[in-house]
Structures are given as structure tokens and as C-alpha cells.
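Plus 229 on top of the position in the sequence shown (first one is 1) and you've got the numbering used here. For reference, the structure is listed below as C-alpha cells.
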Amino acid sequence: MLESGAIRESHSPYASPIVVVKKKDGSIRLCIDYRKLNQDTVKDSYSLPRIEESLDALKGAKWFSSLDLQSGYWQIEVAEKDIPKTAFTTPMGFYECNRMPFGLTNAPATFQRLMEHCVGDMNYKKCLVYLDDVIIFSQTFEEHLERLSAVLKRLTDFGLKLKPSKCNLLQNSVTYLGHVVSEHGVETDPEKIQAVKSWPVPQNVKQLRSFLGFTGYYRRFVEGYANIAAHSMGSLVTDQNNKEESVCTLQKNQNGNGVWNTKKHLRN
């Protein structure tokens with residue numbers, strides 16, 4: 230990153246620790262723990278699109294192309310006056326970011342604003358953008374070629390680069406935001422649902438909330454999901470002498486059946 234110019238040596242009064250995360254493809258992602266900096270940052274209120282509304286825009290389309298940006302956040306330059314604030318420590322030295330790193334509280338809003346400005350009035354009409362994920366959709370092949378060309382030109386004009394290995398062009402079905410989209414509509418991604426089949430019965434509140442958070446992402450595919458989750462998951466009993474979530478316990482005799490019931494409906 231130093232050679233590419235993404236970072237530079239620093240003498241900043243700021244300093245954040247690093248966290249190294251291994252990605253699915255085996256490569257390493259450098260993450261910086263900006264929690265302390267984020268606490269003092271004025272939040273950008275620019276919101277991300279609602280995924281359900283985005284997916285609804287794909288109805289009726291028969292051709293799709295999905296694009297993924299190369300190291301998306303790193304393609305955005307940080308304002309010179311703010312670069313020292315991004316400083317981070319490593320065993321090999323003290324550096325700061327010339328380009329926007331992961332972990333900054335306003336990074337998603339900044340990136341989404343850029344992408345929506347990039348595609349302009351094509352958004353929701355010819356394509357969708359959600360951070361570094363772009364999908365072009367159309368009803369005919371000829372129309373799709375025109376839209377794909379227009380989006381690629383916009384990306385080029387803005388100096389944004391794609392990662393070819395993660396782009397799928399001229400397809401009748403693609404995966405987008407954890408869903409499979411095709412001319413038949415929007416479906417759950419089999420790879421994501423596979424995780425439900427082996428999900429262990431939650432043993433505490435944190436695990437239960439994690440399970441509900443995952444299944445809730447696909448609630449649109451389960452009729453009466455709210456009732457299934459509410460009535461079958463069992464009660465959460467909070468110690469009246471301590472309101473902290475960490476002391477909550479589950480009525481496990483009900484919870485096991487509840488998890489199984491939720492899994493069954495989601496798979497179907």
C-alpha cells in the first residue's frame with residue numbers, strides 16, 4: 230500500500246490500532262480500529278438504499294450484469310487536512326491514509342454518494358448501486374448492451390476501476406446483495422441459506438439476536454415471518470436486578486423448537 234500511494238508515513242498526533250482480517254479468497258484485508266476517532270466525528274446523514282426497494286426495481290428484467298469495484302473505498306482520495314486523522318500504528322511503522330480506508334464512520338455514506346453521483350439519472354432506471362456493488366438490468370439484450378456501455382463510460386469518466394474476476398456480464402441470472410435475481414424474480418441465495426441448516430440452537434441472547442438478524446434479512450420470502458419468530462423463539466427473560474443484556478437468559482425448552490421452526494420456513 231505504501232508503494233501504491235494508498236498510505237504514507239505519518240507524524241500525526243492521532244493514532245489508531247490495526248486489525249488484520251482474512252478474506253474468503255485467502256487474501257488479507259487491513260482494517261483499522263477507528264472507534265475512538267468515530268466517536269468524535271460529525272456523522273454524515275446520507276443514507277444507504279433500502280435493499281428491498283432496490284430489489285423491487287429489478288422486476289421484469291431479463292438481462293443482468295453485476296460489477297464490483299476494485300478495492301472500492303481505496304479509490305477515494307482523503308482531503309489533505311483530514312489525512313493525519315487517519316493515522317494508524319503497525320509493528321512496521323506509523324502511517325496515515327491518502328485514500329479512504331475501511332472503518333471510518335462516514336466512509337459508507339461518502340462512497341454511496343459518489344456512486345449515485347456517478348450513475349446519475351440511470352440509478353433505479355437502468356442500474357442499481359449499493360456501495361461497490363453495481364447491477365445493470367434490462368428486458369432485451371440490445372437494450373442491455375446500451376445500458377452496460379453507458380454505465381462503464383460513467384465509471385471511466387469518474388476514474389473508477391473494476392475487479393474483473395468479480396464481474397458477471399450479460400447473464401440471465403446473477404447474485405446481487407445476497408439474493409439471486411433473474412427473469413423469474415428475486416430468490417434467496419442457496420449459499421446463504423445453507424448456513425441456516427447448520428445453525429446451532431442459540432444458547433444466549435447474543436446468539437439468538439444473531440440468528441434472528443440473519444433470518445430477518447430474508448423475511449420477505451417467509452409469509453408471516455414476524456409471527457413465526459415471535460411465537461416460536463421462546464421468551465427472553467431479563468434479570469430484574471440487572472438490566473444489562475449480558476445477564477439475559479433463554480427459556481431453552483422453547484427456543485430449540487423455535488429455531489428449528491424458523492429454519493424450516495426459511496428453507497421453504
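The beta-carbon is built from N, C-alpha and C at its ideal position, and this holds for glycine as well.
Check for me: the alpha helix (DSSP H) holding residue i runs from which residue to which?
{"i": "Ser378", "result": "Phe370 to Asp386"}
{"i": "Val348", "result": "Ala336 to Val348"}
{"i": "Asp285", "result": "Ile280 to Asp285"}
If residue i and residue j are in contact, beta carbons under 8 angstroms, what's the gap, nearest whole angstrom?
{"i": "Leu391", "j": "Leu384", "result": "7 angstroms"}
{"i": "Gly414", "j": "Lys288", "result": "7 angstroms"}
{"i": "Leu316", "j": "Ser241", "result": "According to the sequence as given, residue 316 is Ala; it is not Leu. Rounded, the Cβ-Cβ distance is 4 angstroms, consistent with contact."}
{"i": "Cys396", "j": "Val380", "result": "With a Cβ gap of about 11 angstroms, Cys396 and Val380 do not count as contacting."}
{"i": "Phe440", "j": "Pro431", "result": "5 angstroms"}
{"i": "Glu325", "j": "Ser239", "result": "4 angstroms"}
{"i": "Leu296", "j": "Val363", "result": "4 angstroms"}
Among the options, which one has its Cα closest to the Cα of residue i?
{"i": "Trp303", "options": "Arg264, Ser295, Tyr263 and Leu259", "result": "Leu259"}
{"i": "Leu301", "options": "Ser378, Pro337 and Cys356", "result": "Sequence check: residue 301 is Gly here, not Leu. Of Ser378, Pro337 and Cys356, the residue nearest in Cα terms is Pro337."}
{"i": "Asp386", "options": "Ser367, Gln400 and Gly349", "result": "Gly349"}
{"i": "Ser394", "options": "Asp269, Leu298 and Val434", "result": "Leu298"}
{"i": "Lys272", "options": "Phe370, Thr334 and Pro429", "result": "Thr334"}
{"i": "Lys202", "options": "Lys252, Glu281 and Ile247", "result": "The structure shown has nothing for residue 202, since the chain only spans 230 to 497."}
{"i": "Met321", "options": "Met230, Thr444, Lys426 and Asn352", "result": "Met230"}
{"i": "Val410", "options": "Arg376, Gly332, Gly442 and Asp285", "result": "Asp285"}
{"i": "Lys421", "options": "Ser256, Tyr263 and Tyr405", "result": "Tyr405"}
{"i": "Glu198", "options": "Tyr353, Leu377 and Val403", "result": "For the chain, the structure presents residues 230 to 497; residue 198 sits outside this window and is missing."}
{"i": "Glu416", "options": "Arg448, Leu437, Asn433 and Arg438", "result": "Arg448"}
{"i": "Thr270", "options": "Gly332, Val358 and Glu345", "result": "Gly332"}
{"i": "Gln268", "options": "Arg237, Glu345, Leu296 and Lys314", "result": "Lys314"}
{"i": "Asp418", "options": "Glu375, Ser256, Pro429 and Val403", "result": "Val403"}
{"i": "Met344", "options": "Ser256, Leu389, Asp254 and Lys435", "result": "Leu389"}
{"i": "Arg237", "options": "Ile312, Leu374, Ser256 and His373", "result": "Ile312"}
What does a CB cutoff of less than 8 angstroms around residue i pick up in its chain, not counting 5 residues either side in sequence?
{"i": "Glu306", "result": "Asn327, Arg328 and Met329"}
{"i": "Phe498", "result": "Given a span of 230 to 497 for the chain in the structure shown, any question on residue 498 remains unanswerable."}
{"i": "Ala235", "result": "Trp303, Cys326, Asn327 and Arg328"}
{"i": "Ala424", "result": "Phe443"}
Kindly list the residues whose CB is nearer than 7 angstroms to the CB of residue i, restricted to its own chain and excluding five residues on each side of it in sequence; keep chain order.
{"i": "Lys291", "result": "Gln368, Asn401 and Glu412"}
{"i": "Val250", "result": "Arg258 and Cys260"}
{"i": "His346", "result": "none"}
{"i": "Glu473", "result": "Note that Glu473 scores 46 on pLDDT, short of 50, meaning its location in the model is unreliable and no value can be drawn from it."}
{"i": "Val358", "result": "Met344, Glu345, Val348 and Asn352"}
{"i": "Phe370", "result": "Trp292"}
With a threshold of 7 angstroms, establish whether the CB of residue i neighbours any heavy atom of the ligand NAD.
{"i": "Tyr302", "result": "In the structure shown, the ligand NAD is absent, as is every other ligand, since no ligand is present at all."}
Starting from the C-beta of residue i, find all residues in its chain whose C-beta is less than 6 angstroms away, skip the five residues before and the five after it, and write them out in chain order.
{"i": "Ala244", "result": "Ala316 and Thr318"}
{"i": "Tyr275", "result": "Ala338 and Arg342"}
{"i": "Phe366", "result": "Leu287, Ala290 and Phe293"}
{"i": "Tyr263", "result": "Ser245, Gly332 and Leu333"}
{"i": "Phe323", "result": "Ser239"}
{"i": "Ile280", "result": "Leu406"}
{"i": "His373", "result": "Trp292 and Ser367"}
What are the boundary residues of the beta strand (DSSP E) that residue i is part of?
{"i": "Lys251", "result": "Ile247 to Lys251"}
{"i": "Val410", "result": "His408 to Ser411"}
{"i": "Asn397", "result": "Asn397 to Gln400"}
{"i": "Thr359", "result": "In the sequence as presented, Thr is not what sits at residue 359; that position holds Tyr. Where Tyr359 is concerned, the enclosing beta strand (DSSP E) stretches over Cys356 to Tyr359."}
{"i": "Val415", "result": "Gly414 to Thr417"}
{"i": "Glu232", "result": "Element bounds for Glu232: n/a, residue is neither H nor E."}
{"i": "Ser367", "result": "Asp362 to Ser367"}
inquiry  = Just to confirm the assignment: which complete beta strand (DSSP E) runs, minimum length 3, are found wholly within the segment 253 to 340?
reply    = For the segment 253 to 340, whole beta strand (DSSP E) runs of length 3 or above, ordered along the chain, are 257 to 261, 292 to 297, 317 to 319 and 322 to 326.
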